[in-house]
Amino acid sequence: MSETTSTNEENKLPLNGRRAIPPNYSNDEENEVPEMEAFGLIPRGFNPRDYLRIVDINMFKEPHEINKQEHHTDKYYNPKLIVRRGQAFQIQIDFNRPYKPETDQFWLEYLMGRYPQQNKGTYIPILVGNVLKPGQWGAKIIHRENNSIRLSIMSSTTCIVGKFRLYVAVLTPFGILRTRRNSATDTYILFNPWCQLDAVYLDDEKEREEYVLNDVGIVFHGNVEDVKSRSWSYGQFEENILDACLFLMDKAELELSGRGNPIKICRVASAVINSRDDNGVIAGSWNNTYDYGVAPSAWTGSVDILLEYYSSKQPVRYGQCWVFAGVFNTFLRCLGIPARLITNYSSAHDNNANLRLDFFLDDEGKVDTRLTKDSVWNYHCWNEAWMTRPDLPVGFGGWQVVDGTPQETSDGMYRCGPASVQAIKHGHVCFQFDAPFVYAEVNSDVFYTRMEKNGTQVVENVDTTHIGQLIVTKEVGGDGMRDITEEYKFREGSDEERLALETAVMYGVKKQSIQETTYQPQTDVDMDFQVQKAVLGSDFKVTITFRNKSRNSYTATTYLSGNIVFYTGVTKSEFKKHSFSAKLEPSSSRSFDIAIKSNEYMSDLLEQASFHFFVTARINETGKILAVQKATVLEIPTLRIKTKGELVAGKEMSVIVEFTNPLKQTLENVTLRLEGPGVLRTIKKQFGRIPMNSTLTWEVKCIPMRPGLRKLIASLNSDALKHVYGELNVQIQKP
8 MSETTSTNEE NKLPLNGRRA IPPNYSNDEE NEVPEMEAFG LIPRGFNPRD
58 YLRIVDINMF KEPHEINKQE HHTDKYYNPK LIVRRGQAFQ IQIDFNRPYK
108 PETDQFWLEY LMGRYPQQNK GTYIPILVGN VLKPGQWGAK IIHRENNSIR
158 LSIMSSTTCI VGKFRLYVAV LTPFGILRTR RNSATDTYIL FNPWCQLDAV
208 YLDDEKEREE YVLNDVGIVF HGNVEDVKSR SWSYGQFEEN ILDACLFLMD
258 KAELELSGRG NPIKICRVAS AVINSRDDNG VIAGSWNNTY DYGVAPSAWT
308 GSVDILLEYY SSKQPVRYGQ CWVFAGVFNT FLRCLGIPAR LITNYSSAHD
358 NNANLRLDFF LDDEGKVDTR LTKDSVWNYH CWNEAWMTRP DLPVGFGGWQ
408 VVDGTPQETS DGMYRCGPAS VQAIKHGHVC FQFDAPFVYA EVNSDVFYTR
458 MEKNGTQVVE NVDTTHIGQL IVTKEVGGDG MRDITEEYKF REGSDEERLA
508 LETAVMYGVK KQSIQETTYQ PQTDVDMDFQ VQKAVLGSDF KVTITFRNKS
558 RNSYTATTYL SGNIVFYTGV TKSEFKKHSF SAKLEPSSSR SFDIAIKSNE
608 YMSDLLEQAS FHFFVTARIN ETGKILAVQK ATVLEIPTLR IKTKGELVAG
658 KEMSVIVEFT NPLKQTLENV TLRLEGPGVL RTIKKQFGRI PMNSTLTWEV
708 KCIPMRPGLR KLIASLNSDA LKHVYGELNV QIQKP
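Quick note: to get our numbering, add 7 to the position in the sequence shown (first position is 1).
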């Protein structure tokens, strides 16, 4: 007797005075479902075999069968049934004898998690009826033959997204008989951008193909003067990725009942994508040392990162903004939320959302790095997810900004969004979540302020156009760039832009007016500079041009500072200082060239080969200061990829990667990575060193699984050279 009591004790839930059942936020845990649920005492002669019995259930779950074809889930490398909500799917039930509707009664039960409850949407009983109502749970028989029936099942358009367990229950006079637990009948239900009643409905088929079904994308990086691009493999259909994405919601402890809501899912995912405060997926590192991990530039896609996290449950090292955004995009597309990766050039990282970045100058007009705390990122990547916003007034649905890169805390955690792009454009930053922060990232002004000896601040220059100059994403159906700046802001200087700014200020975005500071702009002399495009390891020049529009002669004491920077705009080291005096004749222009030698910058160069040039000039006659800053990126050589052999699904082929070392030094600790969704799994190979001017060749044999247009992506990483990429489109033929 004592034994039985102890086991009963173990199965009891822990007592909690606040809730009857513990929180239900694991899609993986299960409860015991009885195969025989008796109504009372069972008579001696009762034999369950006398009643209607389920012999088999056919889920039609193969990629070529009706369900996955009609639900656009045939690409998922997953043997179970995957359907989208609000759309009918079919299953077949085989009984031990023909089904008699007059006397037999059976129903379906879909369960999720450890504590299924009907009012929470985690226990769904479905009776068989005569008609399916759009957007509501239901089932009807569409075919009967011998001992089998075929059912059409409709799921609700607001149903929880995740993995359900299926049971079939039969009513007998003495109790309910259920099928055994069978994981082969598990059903994944995803968001449905094809269904008008779904919160993520997108009405354009080409956009759905791109934003939901495309498993490769483009990351734009570099800077506004020199936009660069590279491919990223999202791999949302690869093996185990769907389970890994569902695990992220478990990790974020999102209640199962909240998982039908894309707003909630985006909000918790933006926190769990980074490892700050919740041991999330990726640990960020911006300091150029990547011990015990992979350099952010070496990743070629999201699959390795998600699978490593899913198995180790520990943050994967290391990421920077495009890695966070790439993995976030995989997560969203995998669950069926339309998503795209965005790059904002000259992105303001403003520490106090006052729409103002302060660069402090000393007496000579040089930037004082001690006082300057704000930084301008050459570029910053985030994501947009498409959904309705029933929590906001009409008109703010559509694209929402979500950002997994840890920058600022929001409600106590490192996360950002979803913030309506439309609300940001019109300055309605009062609408949740985190709109003021995103508004500042694309709209801040740069103030150049000189500190007087007595501590007063004199504003020497204000640049209102430097921040958020260009906002881009990959075009639909191609690898080109689409400029979406207009979706975030009105034209600089237009009435609408001024109105949007006033609205944002009214809703609490802090902005100091220029009147509060003593600032008279310099109007009679213009200064600008251009940086010559150059390949890594070569010399180049910077050309400074003055235009004197007045009738006076001036002399300008000019100072150029060249800095090696992280792509976040934070300086690592100043490698070039140059000052000269420029004589400016009345009503004329004059240019000055400054040479930059490769030996001045190579030793300190960071992985993205980013420079930041500051030019300040003081007009000696008037005391006015001119200031211009620009980021520039060197051309990094690329990897060459080619193929050998027939490109046919199921047949062996070879991929050859080549790279020639362009530097005047040997490359040490070289690692190559190669991947291509549907062609080959990620492969890594270590090479010791590549001497200068010599070429490395690497051949990989593989058997492509899927026909169609595929993309191969490779990256090279070494101590002195990072951010080296190559890609190749390949057309895999049907066998």
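We treat Cβ as the ideally placed atom computed from N, Cα and C, and that holds for glycine.
Can you tell me which of the three DSSP states threonine 14 falls into? In this prediction, threonine 14 has a pLDDT of 39, which is less than 50 and means its spatial position is unreliable; nothing more can be read from the coordinates.
Taking all protein chains shown into account, decide if glutamate 523 is buried (16 or more other Cβ within 10 angstroms of its Cβ) or exposed. Summary for glutamate 523: the model assigns pLDDT 49, below 50, so the residue's position carries little reliability, and this model does not support an answer.
When the Cα of methionine 458 is compared with those of Gln439, Ile474, Val374 and His228, which residue comes out closest? The shortest C-alpha separation from methionine 458 is found at Val374.
Three-state secondary structure (DSSP) of alanine 302: Under the three-state reduction of DSSP output, alanine 302 falls in the coil class, being neither helix nor strand.
Taking contact to mean at least 3 C-beta pairs separated by less than 8 angstroms, is the segment 562–570 in contact with the segment 502–513? By the Cβ criterion, the segment 562–570 is not in contact with the segment 502–513, since fewer than three pairs of Cβ atoms, one from each stretch, lie closer than 8 angstroms.
What does DSSP give as the partner residue(s) for glycine 265 in the beta ladder? Glycine 265 is not bridged to any residue.
Residue range of the beta strand (DSSP E) that serine 382 falls in? Its beta strand (DSSP E) spans residues 382–394.
Buried or exposed, going by whether 16 or more other CB atoms sit within 10 Å of the CB of histidine 71? Under the 10 Å beta carbon count, histidine 71 is surrounded by fewer than 16 other beta carbons and is classified as exposed.
Reference leucine 728, options Ala616, Met66 and Gly484, closest by Cα: Closest in alpha carbon position to leucine 728, among Ala616, Met66 and Gly484, is Ala616.
Close Cβ partners of lysine 481 (< 6 angstroms) along its chain, the five nearest in sequence each way excluded: Around lysine 481, the same chain offers Gly224 and Ile225 as residues with beta carbons nearer than 6 angstroms, after the five sequence neighbours per side are excluded.
Measure the C-alpha to C-alpha separation of asparagine 724 and leucine 681 and round it to an integer number of angstroms. Each residue's alpha carbon lies about 12 angstroms from the other.
Got a sec, what are the start and stop residues for the beta strand (DSSP E) tryptophan 705 sits in? DSSP places tryptophan 705 inside the beta strand (DSSP E), whose first and last residues are 702–709.
Contacting residues, own chain, Cβ-Cβ under 6 angstroms from glutamate 262 (five flanking each side not counted): Excluding sequence neighbours, glutamate 262 sits near Tyr32.
What whole-angstrom Cβ distance do alanine 346 and arginine 340 have, given they're in contact under 8 angstroms? Confirmed, Cβ separation roughly 5 angstroms.
Do the segment 393–406 and the segment 238–255 make contact, defined as three or more Cβ pairs closer than 8 angstroms? Judged by pairs of C-beta atoms under 8 angstroms, the segment 393–406 does not touch the segment 238–255, as fewer than three such pairs exist.
I'd like the span of the beta strand (DSSP E) that includes serine 451, first residue to last. Run containing serine 451: none; DSSP gives neither H nor E here.
Kindly indicate which residue of Gly462, Gln407 and Ser354 has the alpha-carbon position closest to the one of glutamine 414. Ranking Gly462, Gln407 and Ser354 by Cα distance to glutamine 414 puts Ser354 first.
Could you tell me whether the Cβ atoms of glycine 326 and isoleucine 349 are closer together than 8 angstroms? Against a cut-off of 8 angstroms, the Cβ pair of isoleucine 349 and glycine 326 comes out as no contact.
When the Cβ atoms of the segment 410–425 are set against those of the segment 386–398, are three or more pairs found closer than 8 angstroms? The segment 410–425 is in contact with the segment 386–398.
Coil, strand or helix - glutamate 72 by DSSP: In the three-state reduction of the DSSP assignment, glutamate 72 falls in the coil class.
How is the beta strand (DSSP E) around threonine 475 delimited, first residue to last? A quick correction: the sequence has glycine, not threonine, at residue 475. Looking at the DSSP string, glycine 475 is not in any beta strand (DSSP E), and its letter there is neither H nor E.
In this structure, does DSSP put proline 132 in helix, strand or coil? Here proline 132 sits in strand by DSSP.
Give every residue of the same chain whose Cβ lies closer than 7 angstroms to the Cβ of phenylalanine 438, excluding the five residues on either side of it in the sequence, and list them in chain order. The answer, listed in chain order, is Leu399, Phe403, Ser427 and Ala430.
Can you name, in chain order, every residue of its own chain whose Cβ lies under 8 angstroms from the Cβ of alanine 45, other than the five neighbours on each side? Within the same chain, and ignoring the five residues on either side of alanine 45 in sequence, the residues whose Cβ sits closer than 8 angstroms to its Cβ are Phe181 and Gly182.
Around the Cβ of phenylalanine 587, are there at least 16 other Cβ atoms within 10 angstroms (buried) or fewer (exposed)? Phenylalanine 587 is exposed by the Cβ-count criterion.
If we ignore side chains and look at the alpha-carbon of each, how far apart do alanine 392 and lysine 107 end up? Rounded to whole angstroms, the separation of the alpha carbons of lysine 107 and alanine 392 is 48 angstroms.
Decide if the segment 702–711 is in contact with the segment 650–663; the criterion is three or more beta carbon pairs, one per stretch, under 8 angstroms apart. The segment 702–711, when compared against the segment 650–663, does touch it at the 8 angstroms Cβ threshold.
Please name the residue in Leu134, Met119, Leu118 and Arg92 whose C-alpha comes closest to that of cysteine 112. Note that residue 112 is glutamine in the sequence shown, not cysteine. Of Leu134, Met119, Leu118 and Arg92, the smallest CA-CA separation from glutamine 112 is found for Leu134.
For isoleucine 632 versus glycine 372, is the C-beta distance shorter than 8 angstroms? With a cutoff of 8 angstroms on beta-carbon distance, isoleucine 632 and glycine 372 are scored as near each other.
Selected residue, minimal CA-CA separation from valine 538, among Ile603, Glu628 and Lys147: For the options Ile603, Glu628 and Lys147, the alpha carbon positioned closest to that of valine 538 is the one of Ile603.
Methionine 43 burial status per 10 Å Cβ neighbour count (16 or more: buried): Classification of methionine 43: exposed, given that the 10 Å Cβ count is below 16.
Does DSSP classify proline 425 as helix, strand or coil? Look at proline 425 here: in three-state DSSP terms it is strand.
So, is tyrosine 299 buried or exposed, given that buried needs 16 or more other C-beta atoms within 10 angstroms? Exposed is the call here.
N-terminal and C-terminal residue of the beta strand (DSSP E) that aspartate 600 is part of: Where aspartate 600 is concerned, the enclosing beta strand (DSSP E) stretches over 595–603.
Count the C-beta pairs between the segment 96–106 and the segment 154–164 that are closer than 8 angstroms, then say yes if the count reaches three, no if not. Cβ pair count under 8 angstroms is three or more, so yes.
Just the Cα atoms here: how many angstroms apart are aspartate 370 and arginine 647? Using only the alpha carbons, I get a separation of about 50 angstroms.
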